[in-house]
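Numbering (our numbering), first residue to last: 1 to 113. By construction, the Cβ of each residue, glycine as well, lies at the ideal position given by its N, Cα and C atoms. Written below as structure tokens is the structure these notes are about.
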């Protein structure tokens, strides 16, 4: 079933100019027909343009997911660095605590003598 050019563009959620982007002189006659003053998209044209816009949208979605993955991965790397730093600080604090304990033991023995 043929659909008007503007209705089909709205259905796909793109502008008429975007539809023109996918049409070249070779396939123009297969995609569009003119009835009176109005342009219509043929069934072949609908399938063709739907596939083209879908492929483009899928590519954009894929790129968006890839970008989100990169941001997520960078965030994980940053968290790993923070965890490493916390481990270092904890280790340092434990060593200092052990030194304090040894010093207290030494003072205790000195005072008892």
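For residue 67 versus residue 41, is the C-beta distance shorter than 7 Å?
Your numbering for residue 67 matches position 67 in the chain shown. Your numbering for residue 41 matches position 41 in the chain shown. Not a contact, by the Cβ cut-off of 7 Å.
When DSSP labels each residue in this structure, what does residue 107 get in the three-state scheme?
Position 107 of the chain shown holds residue 107. Residue 107: helix per DSSP, three-state reduction.
In chain order, what residues of the same chain lie with their CB nearer than 6 Å to the CB of residue 27, ignoring the 5 residues before and after it?
By 1-based counting over the chain shown, the position of residue 27 is 27. The answer is none, since no qualifying residue turns up.
Where residue 72 falls, given that 16 or more other Cβ within 10 Å makes a residue buried
Numbered from its first residue, the chain shown carries residue 72 at position 72. Counting Cβ neighbours within 10 Å, residue 72 comes out exposed, since fewer than 16 surround it.
What first and last residue would you give for the beta strand (DSSP E) that runs through residue 40?
The residue labelled residue 40 in the question sits at position 40 within the chain shown. Counted as a single uninterrupted DSSP element, the beta strand (DSSP E) harbouring residue 40 occupies residues 38-41.
Would the beta-carbon of residue 31 fall within 7 Å of that of residue 23?
The residue labelled residue 31 in the question sits at position 31 within the chain shown. The residue labelled residue 23 in the question sits at position 23 within the chain shown. With contacts defined by Cβ atoms closer than 7 Å, residue 31 and residue 23 form a contacting pair.
Assumed close pair residue 5, residue 39 - CB separation to whole angstroms, cut-off 8 Å:
For this step, residue 5 is matched to residue 5 along the chain shown. For this step, residue 39 is matched to residue 39 along the chain shown. Between residue 39 and residue 5 the Cβ distance is about 4 Å, and since that is below 8 Å, they are a contact.
Distance check for residue 46 and residue 10, CA to CA, integer angstroms please.
Position 10 of the chain shown holds residue 10. Position 46 of the chain shown holds residue 46. Looking at the backbone, the Cα of residue 10 and that of residue 46 are separated by about 12 Å.
What is the DSSP secondary structure of residue 114, reduced to helix, strand or coil?
With the chain covering only 1 through 113, there is no way to say anything about residue 114.
Grouping DSSP H, G and I as helix and E and B as strand, with all else coil, what is residue 4?
Along the chain shown, one-based indexing puts residue 4 at 4. In the three-state scheme derived from DSSP, where H, G and I count as helix and E and B as strand, residue 4 is classed as strand.
What does a CB cutoff of less than 7 Å around residue 110 pick up in its chain, not counting 5 residues either side in sequence?
By 1-based counting over the chain shown, the position of residue 110 is 110. Same-chain partners within the cutoff: there are none.
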